[in-house]
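The block underneath contains the structure these notes are about, expressed in structure tokens.
Residue numbers (my numbering), protein chains in the order written: chain A, 1 to 448; chain B, 449 to 915.
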């Protein structure tokens with residue numbers, strides 16, 4: 001077991017108090033006066049898993065519409081008022097939630113609360129066809145820029161669709177399809193707001209240089225009169241068998257710079273001790289430049305230019321382990337797969353060494369400290385544990401849970417989950433370059 | 449209330465007027481303490497309570513221009529190879545020891561110099577500093593590891609060329625700067641030059657440019673109960689080397705006569721835009737006004753460019769204008785790249801460029817408004833406490849200031865200067881930064897689909913190169 005970087009306070013110095021308004025809005029406050037800034041974070045318990053067939057991408061498109069004005073905030077006023085107050089802001093949409101956040105100079109906190117309340121209570125006053133049409137185009141360009149116009153850009157979407165079968169709420173990703181984005185109507189957006197944007201379907205956290213009593217009074221003042229609403233249906237059940245039962249495989253021939261092997265494995269749900277063990281396993285196997293896959297594929301066998309594992313934590317469906325290997329030189333995917341399988345099999349049999357466990361836990365602890373280094377990071381974690389697991393206090397002990405994992409648990413979860421019959425695989429092979437292209441490429445270097 | 453499914457458009461909440469700001473609490477850009485160790489190494493350190501992850505930036509005066517002819521990329525390979533084995537540890541052991549500290553170590557080379565960045569939880573700082581010191585003092589540079597580092601870099605190049613934004617940056621540098629100038633060529637070398645780099649070349653570059661007198665260490669974080677100066681001295685005080693020589697760097701110049709380069713990507717669903725030229729850097733008195741004016745033009749989604757291109761027309765996910773310091777020095781040899789970048793749907797490329805030029809023309813004709821200027825100042829100055837919340841952000845800016853021969857209070861004074869900058873100054877700076885007839889435009893996209901409409905725009909002669 002690894003020694004910890006910050007032994008006594010397993011909470012990393014975090015504290016949090018919880019409150020609930022009569023309309024059901026849950027509030028989490030955390031006080032820290034070291035820098036005169038305050039983070040406001042609002043998680044709505046709605047994500048792409050709540051979307052229905054033919055309307056993929058609606059949760060994310062709707063997130064954009066939340067920045068298009070509400071009763072007292074015209075047009076882009078939300079952005080303008082926050083930025084003009086010296087704040088920063090954004091929103092993001094995932095499978096399981098939609099979050100909105102502002103980080104403000106501490107003396108501008110009240111403004112951010114007023115703005116969030118205004119759109120939670122009165123968005124539909126301003127929502128119109130014009131802003132829908134505009135943001136539909138913006139989101140389609142977001143899709144092109146981040147996925148369609150990038151080599152390997154649709155790997156995530158393809159693998160997700162393989163790991164989560166047709167009809168499963170996580171089968172499609174939050175960005176949605178172009179056809180469904182085109183089909184979304186103003187009435188869809190209105191219904192979406194009425195169903196999910198209610199105080200009793202949200203958690204608000206405020207972290208930083210705040211007076212908790214005053215903050216709570218402001219929250220009561222601005223959010224307290226927004227009516228609750230119980231029309232939300234639970235998302236469809238996302239549970240699946242622990243393992244897929246066979247290897248799902250899709251060969252692809254695309255315009256990519258080199259062959260690549262990407263794969264996704266089903267893992268335990270977020271919030272379980274088994275998933276924390278899997279996090280440690282993936283860190284040891286593929287989490288950095290001393291990981292087993294990096295040492296084997298990049299350093300020793302020289303088959304790859306990059307090789308590693310990532311983890312996508314999911315609470316309402318199996319989490320995903322994410323393998324990404326890009327080939328080096330003339331290396332063959334078959335040789336890479338052989339090496340990966342050997343490493344995974346050896347790990348499943350013998351587990352990690354004591355040194356590997358210590359290194360992985362030290363890395364995971366630093367990543368956690370990085371998230372806690374900003375008030376915005378802390379606010380987001382508090383919302384996450386409140387929305388997904390019903391208890392923000394779990395954020396305070398998350399790192400100690402990871403540090404508590406032992407080597408046999410790490411081995412066991414790898415043996416159970418990181419196996420060929422539990423993965424979806426994409427094998428990329430480049431389309432043949434013409435002779436001209438090859439010459440041109442040889443004369444160009446690269447930089448960012 | 450609870451059972452209603454017909455929540456109408458009319459809101460049922462109580463409305464309150466927009467609240468007024470409270471009393472601002474004081475914040476100032478952190479001032480570091482400075483020391484020079486007996487071996488010539490310069491140290492800046494800065495205590496930031498609560499920042500448990502310490503950031504250590506090492507700035508080495510080893511500009512890309514110092515790379516030997518034909519060996520573009522040797523500074524990059526050297527920087528990377530610093531952590532690929534030392535006198536004490538081979539490459540795998542070194543990586544393992546770093547990770548045992550929960551640390552990350554990144555190194556890279558840019559036009560102004562080489563930068564090594566360490567981040568580590570404070571409880572393991574002494575062990576991590578020892579590893580950092582080993583990397584700087586006793587890198588092994590074995591034939592095998594350098595050869596592997598070179599091969600790895602060669603493997604990366606096709607991936608970078610395939611990325612539209614990176615490909616655009618390469619094409620712009622090639623078009624903008626004089627042929628033969630180091631800055632016209634890729635920072636990390638080409639396949640041809642990188643392939644020539646061996647352990648001998650890396651060792652020679654290290655011997656010529658890396659020693660305590662060329663190094664500045666910036667350490668930032670929560671040092672409660674610790675003496676950062678003593679810790680750094682313990683790790684790096686024994687490092688020996690000759691005194692630093694001064695470089696006379698070639699002044700950066702560029703040909704910004706208006707013209708267009710299309711990097712052809714048949715079938716691309718978007719066109720990557722990059723418009724650029726060079727202009728004032730941080731040693732120029734206009735820098736603050738330029739920062740302000742460029743923010744008004746394209747700093748955020750409510751700036752002029754996105755107000756039209758994104759929020760009115762929906763042509764893009766976002767277009768930004770920026771100034772990026774290439775090199776900045778007291779002797780005036782430096783410059784900043786002034787750029788406008790983003791991507792637009794292929795079929796609206798011509799329309800988007802037409803609008804973009806119209807935004808620039810309107811700006812030149814009518815200037816910025818007082819409101820725009822005020823908004824920009826409030827944002828740029830107001831976000832400072834947020835922007836510099838982490839140790840890494842503070843350390844990065846302090847190291848940039850050292851690299852650019854600026855005083856340690858430059859960033860703090862910049863905020864004071866922004867507050868004093870008027871609308872007229874900001875307008876003049878941004879209009880000078882982006883004159884409509886002095887912009888080199890790079891478009892990475894489908895030449896067959898966009899070429900004709902781009903030629904019709906009259907923004908300069910159009911050249912098409914293969915992707």
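The beta carbon of each residue, even a glycine, is placed where N, CA and C say it ideally should be.
Bear in mind that the values here come from a model prediction, so they are computed numbers and not experimental data.
{"Query": "Residues in the stretch 63-82 of chain A with C-beta within 7 Å of chain B's C-beta atoms, listed in sequence order?", "Result": "71, 72, 76, 79 and 80"}
{"Query": "Do we get a CB-CB distance below 8 Å when we pair residue 625 of chain B with the residues of chain A?", "Result": "no"}
{"Query": "Chain A partners of residue 918 of chain B, CB-CB under 7 Å?", "Result": "The structure shown does not extend to residue 918 of chain B, since chain B is modelled only from 449 to 915, so the question has no answer here."}
{"Query": "Of all the alpha helix (DSSP H) runs that stay within the bounds of the stretch 586-612 of chain B, which reach a length of 4 or more residues?", "Result": "591-610"}
{"Query": "Measuring only the C-alpha atoms, how far is residue 304 of chain A from residue 604 of chain B?", "Result": "10 Å"}
{"Query": "Would the stretch 903-911 of chain B and the stretch 767-786 of chain B be scored as touching if the rule is three or more Cβ pairs under 8 Å?", "Result": "no"}
{"Query": "Decide if residue 17 of chain A is buried, meaning its Cβ has at least 16 other Cβ atoms within 10 Å, or exposed.", "Result": "exposed"}
{"Query": "So for residue 43 of chain A, helix, strand or coil by DSSP?", "Result": "strand"}
{"Query": "Report the partner residues of residue 920 of chain B according to the DSSP bridge assignment.", "Result": "Since the displayed chain B opens at 449 and closes at 915, residue 920 of chain B lies outside it and no answer follows."}
{"Query": "Have a look at the DSSP bridge pairing and note the partners of residue 723 of chain B.", "Result": "B/788 and B/889"}
{"Query": "What residues of chain B sit near residue 226 of chain A, judged by a beta carbon separation below 7 Å?", "Result": "461"}
{"Query": "Taking DSSP's pairing of strands, which residues face residue 322 of chain A in a bridge?", "Result": "A/264 and A/310"}
{"Query": "Should residue 798 of chain B and residue 645 of chain B be called a contact, given that it needs their Cβ atoms to be closer than 8 Å?", "Result": "no"}
{"Query": "Determine the burial state of residue 229 of chain A: buried for a count of at least 16 other Cβ atoms within 10 Å of its Cβ, exposed for fewer.", "Result": "buried"}
{"Query": "Give a yes or no on contact between the stretch 278-295 of chain A and the stretch 623-640 of chain B, applying the rule of three or more CB pairs nearer than 8 Å.", "Result": "no"}
{"Query": "Among all the DSSP beta bridges, which residues are the ones paired with residue 463 of chain B?", "Result": "Paired residue(s): none; residue 463 of chain B is not in a bridge."}
{"Query": "One question on the structure: do residue 679 of chain B and residue 574 of chain B come within less than 8 Å of each other, judged by their Cβ atoms?", "Result": "yes"}
{"Query": "How would you label residue 398 of chain A, buried or exposed, when you count the other beta carbons within 10 angstroms and need 16 or more for buried?", "Result": "buried"}
{"Query": "Tell me, please, which residues DSSP counts as bridged to residue 857 of chain B.", "Result": "According to DSSP, which records beta bridges pairwise, residue 857 of chain B is partnered with nothing at all."}
{"Query": "Taking contact to mean 3 or more Cβ pairs, one atom from each stretch, closer than 8 Å, check whether the stretch 58-68 of chain A and the stretch 237-245 of chain A are in contact.", "Result": "no"}
{"Query": "Given a limit of 9 Å on CB to CB distance, which residues of the stretch 241-258 of chain A reach chain B?", "Result": "255, 256, 257 and 258"}
{"Query": "Is residue 946 of chain B close to chain A, meaning its C-beta is less than 8 Å from at least one C-beta of that chain?", "Result": "Beyond the ends of chain B as shown, which are 449 and 915, falls residue 946 of chain B; an answer cannot be given."}
{"Query": "In three-state DSSP terms, what is residue 696 of chain B?", "Result": "coil"}
{"Query": "Compile a chain-ordered list of the residues in the stretch 14-46 of chain A whose CB is closer than 8 Å to at least one CB of chain B.", "Result": "32, 34, 35, 36 and 37"}
{"Query": "Can you find at least 3 beta carbon pairs, one from the stretch 731-748 of chain B and one from the stretch 682-692 of chain B, that sit closer than 8 Å?", "Result": "no"}
{"Query": "Can you name the residues of chain B whose CB is closer than 8 Å to the CB of residue 114 of chain A?", "Result": "464, 466 and 467"}
{"Query": "Quick check on the burial criterion: 16 or more other C-beta atoms within 10 angstroms. Buried or exposed for residue 449 of chain B?", "Result": "Interpretation of residue 449 of chain B is limited by its pLDDT of 34, a score under 50 that renders its predicted location unreliable; no figure is taken from the coordinates."}
{"Query": "For residue 41 of chain A, is the beta carbon positioned less than 7 Å from some heavy atom of the ligand GDP?", "Result": "The ligand GDP is not part of the structure shown, which contains no ligands of any sort."}
{"Query": "The alpha helix (DSSP H) that contains residue 823 of chain B, what's its start and end?", "Result": "818-830"}
{"Query": "Using a Cβ cut-off of 8 Å, pull out every chain B residue sitting near residue 427 of chain A, in sequence order please.", "Result": "Simply none; closest approach about 17 Å."}
{"Query": "Apart from the five residues on each side of it in sequence, which residues of its chain come closer than 6 Å, Cβ to Cβ, to residue 117 of chain A?", "Result": "222 and 223"}
{"Query": "Could you give the first and the last residue of the continuous beta strand (DSSP E) run that contains residue 28 of chain A?", "Result": "26-31"}
{"Query": "Is it the case that the Cβ atoms of residue 607 of chain B and residue 257 of chain A are separated by a distance below 8 Å?", "Result": "yes"}
{"Query": "Buried or exposed, going by whether 16 or more other CB atoms sit within 10 Å of the CB of residue 338 of chain A?", "Result": "exposed"}
{"Query": "May I ask you to verify whether the stretch 554-561 of chain B touches the stretch 364-380 of chain A, counting CB pairs closer than 8 Å and requiring at least 3?", "Result": "no"}
{"Query": "How about residue 832 of chain B and residue 740 of chain B: are their beta carbons less than 8 Å apart?", "Result": "no"}
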